[in-house]
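Chemist: There's a structure below that I have some questions on.
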Amino acid sequence: MTNELKQEFTRRITKANKTELIVILYDMLLQYILDSKSAVELDNENQFKIEVRRARQCIDELIASLDLQYAIGVNLFQIYQFMKREFILVKFENPDILDHMEKITKELLFAYNEISRQDYSLPVMEHT
């Protein structure tokens, strides 16, 4: 992830409400997946491992954001657990799992983008 992109994510986070924060996490996850794929193309195994680890950290944050009192939270938990296992299994020599993780992430991102358009709550970091 470039420094400019990091700054953009930071700016978005400071203005985001709870739903938008989830959208940002999905955007970051997607970026780490794309960076992992780029590392394979550049034959950089060390960078691949770093990006996959960062993707798993995004999944951990998504898991932490869930409210398991509701069925949707339980369903998302199962999806995130699946994704986390896949990120643990992905290998530099066989990164095909990343294509599937990219597809799942894009679908979830699309859904949360739709939800965030209907959330008019105030930013979490209201006075930054």
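Per numbering that gives the first Met the number 0, numbering through the sequence shown is continuous, rising by one, with the last residue being 127. Every residue gets a Cβ at the ideal spot worked out from N, C-alpha and C, and that includes glycine. Keep in mind that this is a model prediction, so the values were computed, not measured.
1) Is it the case that the Cβ atoms of residue 114 and residue 18 are separated by a distance below 7 Å?
2) Do you know offhand how far residue 101's Cα is from residue 81's?
3) Pick helix, strand or coil for residue 43, following the three-state DSSP scheme.
4) With a threshold of 8 Å, are at least 3 pairs of Cβ atoms found where one atom belongs to the region 55-67 and the other to the region 14-29?
5) I'd like the list of long-range same chain contacts for residue 23, defined as Cβ closer than 8 Å, with 5 residues on each side in sequence excluded.
6) Alpha carbon to alpha carbon, what distance is there between residue 42 and residue 167?
7) Can you tell me whether DSSP reads residue 74 as helix, strand or coil?
8) Please classify residue 93: does DSSP put it in a helix, a strand, or coil?
9) Tell me the rounded alpha-carbon separation between residue 36 and residue 94.
10) Look up residue 38 in the DSSP assignment and say whether it is helix, strand or coil.
11) Whole angstroms is fine: what's the gap from residue 21's alpha carbon to residue 111's?
12) Whole angstroms is fine: what's the gap from residue 89's alpha carbon to residue 96's?
Modeler: Judging by the given coordinates:
1) Yes, the pair counts as a contact, with Cβ atoms nearer than the cut-off.
2) 13 Å
3) Here residue 43 sits in coil by DSSP.
4) The region 55-67 vs the region 14-29: in contact.
5) 8, 11, 12 and 15
6) A question about residue 167 goes unanswered here, because the residues of the chain that appear run from 0 up to 127.
7) Three-state result, residue 74: helix.
8) strand
9) Rounded to whole angstroms, residue 36 and residue 94 show a C-alpha spacing of 7 Å.
10) helix
11) 7 Å
12) 6 Å
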